[in-house]
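Take a look at the structure below.
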Amino acid sequence: QLSRRGFLQSVGMGAALAGAGAYRGSHADLASPDVFIPLASTTLRPQETTCGPFPTNSLFAALEPCCIGEPLAEGEMRITFLGTSCTPMPAQVGVSVYVEVGPTHEVAGRLPAPLDYAMFDCGMGILGNAVAAGIPYSRMDKIFIAHLHADHMSELSSIYCFGESADRKSPLYVWGPSRSNVPDPVTGQIYDDGTRAILTHFREVWRWHTESFSFGANGYTAYDPDVKDKWGLPVDPVPVGPAYVVDENGAFVGTDYADPPNDAYALVPIELDWTKYGEVEDDNIAYWNQETGLKITHFPAIHCRKGSISYKLEWTPPGQPDTTLSMIYSGDTRPNFTMVDQAAGIDVLVHEMVMPPDRWTMKFAHTDDPSGLDPAALAYFANVQNSSHTTQGAFGYLLSQIDP
Numbered sequence: 089q090l091s092r093r094g095f096l097q098s099v100g101m102g103a104a105l106a107g108a109g110a111y112r113g114s115h116a117d118l119a120s121p122d123v124f125i126p127l128a129s130t131t132l133r134p135q136e137t138t139c140g141p142f143p144t145n146s147l148f149a150a151l152e153p154c155c156i157g158e159p160l161a162e163g164e165m166r167i168t169f170l171g172t173s174c175t176p177m178p179a180q181v182g183v184s185v186y187v188e189v190g191p192t193h194e195v196a197g198r199l200p201a202p203l204d205y206a207m208f209d210c211g212m213g214i215l216g217n218a219v220a221a222g223i224p225y226s227r228m229d230k231i232f233i234a235h236l237h238a239d240h241m242s243e244l245s246s247i248y249c250f251g252e253s254a255d256r257k258s259p260l261y262v263w264g265p266s267r268s269n270v271p272d273p274v275t276g277q278i279y280d281d282g283t284r285a286i287l288t289h290f291r292e293v294w295r296w297h298t299e300s301f302s303f304g305a306n307g308y309t310a311y312d313p314d315v316k317d318k319w320g321l322p323v324d325p326v327p328v329g330p331a332y333v334v335d336e337n338g339a340f341v342g343t344d345y346a347d348p349p350n351d352a353y354a355l356v357p358i359e360l361d362w363t364k365y366g367e368v369e370d371d372n373i374a375y376w377n378q379e380t381g382l383k384i385t386h387f388p389a390i391h392c393r394k395g396s397i398s399y400k401l402e403w404t405p406p407g408q409p410d411t412t413l414s415m416i417y418s419g420d421t422r423p424n425f426t427m428v429d430q431a432a433g434i435d436v437l438v439h440e441m442v443m444p445p446d447r448w449t450m451k452f453a454h455t456d457d458p459s460g461l462d463p464a465a466l467a468y469f470a471n472v473q474n475s476s477h478t479t480q481g482a483f484g485y486l487l488s489q490i491d492p
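Going by this note's numbering, the sequence shown opens with residue 89, and the numbers climb by one from there.
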C-alpha cells in the first residue's frame with residue numbers, strides 16, 4: 089500500500105503505466121495519510137505473444153485488487169484508468185480516465201449508478217476496458233476532451249455509434265476546447281478547428297451508420313434536454329447541425345436537418361474557451377451540477393499548438409459543505425506555472441510524463457538496442473518531447489512546486 093504522496097507521484101506516470109487501475113478516496117478518512125488507496129483492476133493482465141509475455145508493471149502488480157462494480161459509499165470518489173498510452177500496444181490502450189462519485193444508487197430497469205460521473209478523454213481501444221470495468225454506454229455520455237488529437241478522442245466513434253443500440257437513449261455530450269485562432273500560413277484565414285466544428289463533420293461521417301440504425305428506439309420521450317442550468321454549462325447545449333443535404337444526383341441542396349435534442353444520436357458539443365483559467369471568477373466553468381456537488385473547470389495546457397486544456401474536478405458531497413475532494417487531469421502538456429497554481433492543495437494529480445527520446449525511438453524502431461539509432465529519428469522525438477510533453481525531471485520539479 090502506497091502513501092498518499094507516493095500514490096500522487098505514481099499517478100504522474102500515466103504515459104508509462106500499463107493496464108487499467110482505479111483509485112478510491114473517502115471523506116471519512118481525510119485525516120489519514122494513506123486514505124488514497126490505489127487499486128488494481130483485474131480487467132487487464134499480461135498476455136502471451138509470439139515474443140513471450142509482456143512484463144507486469146511493478147506498480148500495478150503490487151496494488152490491492154479492485155472488485156469490478158463495487159458500489160460507491162457516500163462521500164467516496166473512484167478514479168479508474170481505462171488507458172494511458174498514445175501508441176498502439178496489445179496490452180495497453182489509449183488515454184482515458186473515468187471518475188465516479190457516490191453513493192451508488194438503484195435505477196429502475198438499469199444498472200446501479202453513481203451519484204455523478206465524468207470521462208476524461210477516450211483514446212483508441214478504451215471501450216473494451218470501460219465495458220469490462222462495468223461502465224455502461226449510458227454513463228459514457230459526458231466526455232471531457234483535453235485536445236483534439238486522435239489518441240485522446242478516437243474511441244468517440246464507437247461510443248457514439250453503438251451507445252444508441254445499447255442503453256444510451258439520450259444525447260452524447262462532449263466538452264472540448266474552442267478553435268485555436270491559428271491562421272492558415274498561406275491564406276491567413278483562421279482555422280475553424282474547435283470542438284463544435286470537428287463534431288459537426290464527425291456527425292456527417294456517421295450519417296450512414298445512424299440512418300441504418302433508425303429502426304430502433306433512439307431516445308427517451310421523457311428526456312429533458314434543457315440541462316444548461318442543471319449542469320451549470322457555459323453555453324447552450326445545442327446538437328451539431330444542420331446536416332449537409334444532397335439531392336438524388338448528389339448535388340448540394342442545403343443544410344436543413346438536425347437531430348432532435350432528446351435523441352441518442354444528438355451530438356452536443358460544449359465548447360470551452362481554452363484561454364480562460366479563472367482569472368475572472370467562474371469564467372472557466374465547464375460543468376457544475378449543484379445537485380451532486382460535482383464541479384469541473386478548465387485551464388490552458390501547452391501542447392503542440394494553441395487549443396489544449398487541462399481539467400480540474402472538485403466534488404463537495406451534498407450536505408457536506410466543508411468537505412471537498414479534488415483531482416486534476418492534465419491531458420498532454422509541457423510543464424507550466426498555470427498547473428502549479430491550479431494544483432495547489434489538490435488531492436489527486438493525474439499528470440502526463442513522457443519517456444526519454446531514445447526510448448521512444450527504440451519503441452518505434454522495434455528494438456531493444458540503443459546503438460545505431462537513426463539520429464534524425466532521435467532529433468524528431470526530442471522535438472516532440474520539448475514542444476509538447478513533460479519529462480521525468482520536469483514532472484519531479486512540478487511536484488516540488490505543488491507539494492500536493
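Glycine residues also receive a C-beta, built at the ideal position from the N, C-alpha and C atoms.
Here the structure is a predicted model, which is why all the values come from computation and not from measurement.
Under DSSP, the beta strand (DSSP E) around residue i begins and ends at which residues?
i, result
"Glu292", "Premise fails: Glu292 lies in the alpha helix (DSSP H), Thr283 to Val293, not in any beta strand (DSSP E)."
"Thr355", "It should be pointed out that residue 355 corresponds to Leu in this sequence rather than to Thr. Its beta strand (DSSP E) spans residues Leu355 to Leu360."
"Phe387", "Leu382 to Pro388"
"Met165", "Glu164 to Gly171"
"Ile373", "Ile373 to Asn377"
"Pro200", "Arg198 to Ala201"
"Ala432", "Looking at the DSSP string, Ala432 is not in any beta strand (DSSP E), and its letter there is neither H nor E."
"Ala206", "Asp204 to Phe208"
"His193", "His193 to Val195"
Is the beta carbon of residue i sitting closer than 9 Å to the one on residue j?
i, j, result
"Pro406", "Thr385", "no"
"Ser173", "Asp239", "yes"
"Ser414", "Asp435", "yes"
"Leu395", "Arg267", "With the sequence shown as reference, residue 395 is identified as Gly, and Leu is not the correct amino acid for it. Their beta carbons are under 9 Å apart, which means Gly395 touches Arg267 by this criterion."
"Gly264", "Ile416", "no"
"Asp209", "Ile231", "yes"
"Ala482", "Pro444", "no"
"Leu461", "Thr479", "no"
"Ile490", "Met427", "yes"
"Gly37", "Glu252", "Past the boundaries of the shown model lies residue 37; the chain is included only from 89 to 492, so the question cannot be answered."
"Gln277", "Gly320", "no"
"Asp351", "Gly282", "no"
"His235", "Asp420", "yes"
"Leu355", "Leu401", "no"
"Leu382", "Asp204", "yes"
"Ala161", "Val187", "no"
"Ile156", "Ala218", "no"
"Ala464", "Ala453", "no"
"Met324", "Lys318", "A small fix is needed here, since residue 324 is Asp in this sequence, not Met. No, these two residues do not count as a Cβ contact at 9 Å."
In this structure, does DSSP put residue i in helix, strand or coil?
i, result
"Met441", "coil"
"Gln180", "strand"
"Ala467", "helix"
"Thr426", "helix"
"Gly264", "strand"
"Asp117", "For Asp117, the predicted model reports a pLDDT of 38, less than 50, meaning its position is unreliable and no value from the coordinates is stated."
"Thr131", "In this predicted model, Thr131 has a pLDDT of only 39, less than 50, meaning its place in the structure is not dependable enough to derive any value."
"Met450", "helix"
"Pro322", "coil"
"Tyr225", "helix"
"Ser414", "strand"
"His367", "The residue asked about is misnamed: residue 367 is Glu in this sequence, not His. If DSSP states are grouped into helix, strand and coil, Glu367 belongs with coil."
"Glu402", "strand"
"His297", "helix"
"Val472", "helix"
"Glu336", "coil"
"Phe232", "strand"
"Ile156", "coil"
"Val274", "coil"
If you follow the alpha helix (DSSP H) that residue i is part of, which residue opens it and which one closes it?
i, result
"Val219", "Ile214 to Ala220"
"Lys316", "Lys316 to Trp319"
"Asp255", "Here Asp255 belongs to no alpha helix (DSSP H), and DSSP marks it neither H nor E."
"Ser246", "Leu244 to Gly251"
"His240", "Ala238 to Met241"
"Tyr485", "Gln480 to Ile490"
For residue i, which of the options has the nearest alpha-carbon?
i, options, result
"Pro349", "Pro313, Asp361 and Trp296", "Pro313"
"Tyr375", "Asn306, Ser302 and Tyr261", "Tyr261"
"Ile353", "Gly460, Val326 and Asp371", "The residue asked about is misnamed: residue 353 is Tyr in this sequence, not Ile. Closest option to Tyr353, Cα to Cα, is Val326."
"Val522", "Lys316, Glu164 and Phe169", "Residue 522 cannot be examined here, being either before or after the span of the chain that is shown, 89 to 492."
"Arg166", "Trp403, Phe425 and Arg256", "Trp403"
"His289", "Ala346, Gly484 and Arg447", "Ala346"
"Ser485", "Leu215, Ala464, Phe425 and Glu162", "A quick correction: the sequence has Tyr, not Ser, at residue 485. Checking every option, the nearest Cα to that of Tyr485 belongs to Phe425."
"Gln408", "Ile156, Gly190, Asp317 and Ile233", "Gly190"
"Ala254", "Asp280, Val274 and Arg227", "Arg227"
"Leu487", "His454, Thr309, Ala431 and Phe452", "Ala431"
"Thr309", "Ile214, Asn471 and Ser258", "Ser258"
Query raised in the report: Per the contact definition of three or more C-beta pairs closer than 8 Å, is the segment 389-407 in contact with the segment 316-332?
Result: no
| field | Inter-stretch contact (C-beta, 8 Å, three-pair minimum) for the segment 175-182 and the segment 191-202 | value | no
(message) Taking 8 Å as the cut-off, does the segment 181-193 touch the segment 240-248 (at least 3 CB pairs, one atom from each stretch)?
(response) yes
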